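J.: First the structure, which I've put down as structure tokens, then a few questions once you've had a look.
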Amino acid sequence: MIPLTDELKRVLSTIREIVREELIPLEPDFLHKGFYAMEPVLNEKRAMVKKLGFWLPQVPAEYGGMGLSLFEHGLVSQELGQSL
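Taking this note's numbering as reference, the numbering of the sequence shown is continuous, increasing by one, and the terminal residue is 98.
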């Protein structure tokens, strides 16, 4: 088992909370209304995670991403996979 840094634990916890509190509640509307009807709401959520610094996990920080390793990106993807 690879030990996780405190910072990565914080990131994963915050992403888990965002998925649970912000994304999963949108799923019924997303399924019934479709992508284009939900696009304004999705854009708001994208802006929120960008502001929190959780955008582009696989991209180096100097290019605007989080600069995560492949392993760390996998853990973030695992959390995001809890939602549609």
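Beta carbons are placed, not taken as given, at the ideal position from N, Cα and C, and that holds for glycine.
Treat the numbers as computed from the prediction; the structure is a model and nothing was measured.
(1) Between the Cα of glutamate 93 and the Cα atoms of Pro17, Glu36, Arg30, Lys23, which residue gives the shortest distance?
(2) Apply the 10 Å Cβ neighbour rule to isoleucine 16 and answer buried if 16 or more other Cβ atoms are within range, or exposed otherwise.
(3) Just curious, the alpha helix (DSSP H) that glutamate 41 is in, first and last residue?
(4) Taking contact to mean at least 3 C-beta pairs separated by less than 8 Å, is the stretch 30 to 39 in contact with the stretch 73 to 89?
(5) In the structure shown, what three-state DSSP assignment does phenylalanine 68 receive?
(6) Can you name, in chain order, every residue of its own chain whose Cβ lies under 7 Å from the Cβ of proline 74, other than the five neighbours on each side?
(7) Taking only three categories from DSSP, how would you classify glycine 95?
T.: Answer, in terms of the structure:
(1) Within the sequence shown, residue 93 is the residue found at index 79, counting from 1. Checking every option, the nearest Cα to that of glutamate 93 belongs to Arg30.
(2) For the purposes of this step, residue 16 is taken as residue 2 along the sequence shown, with counting starting at 1. Isoleucine 16 is exposed by the Cβ-count criterion.
(3) As a first step, residue 41 must be located in the sequence shown, where it is residue number 27. Counting along the chain, the alpha helix (DSSP H) containing glutamate 41 begins and ends at 41 to 47.
(4) no
(5) Position 54 of the sequence shown holds residue 68. Looking at phenylalanine 68 - three-state DSSP - the assignment turns out to be coil, as it is neither helix nor strand.
(6) Here residue 74 is taken as the residue at index 60 of the sequence shown, counted from 1. Gly81, listed in sequence order.
(7) Walking along the sequence shown from the start, residue 95 turns up at place 81. It is coil, neither helix nor strand.
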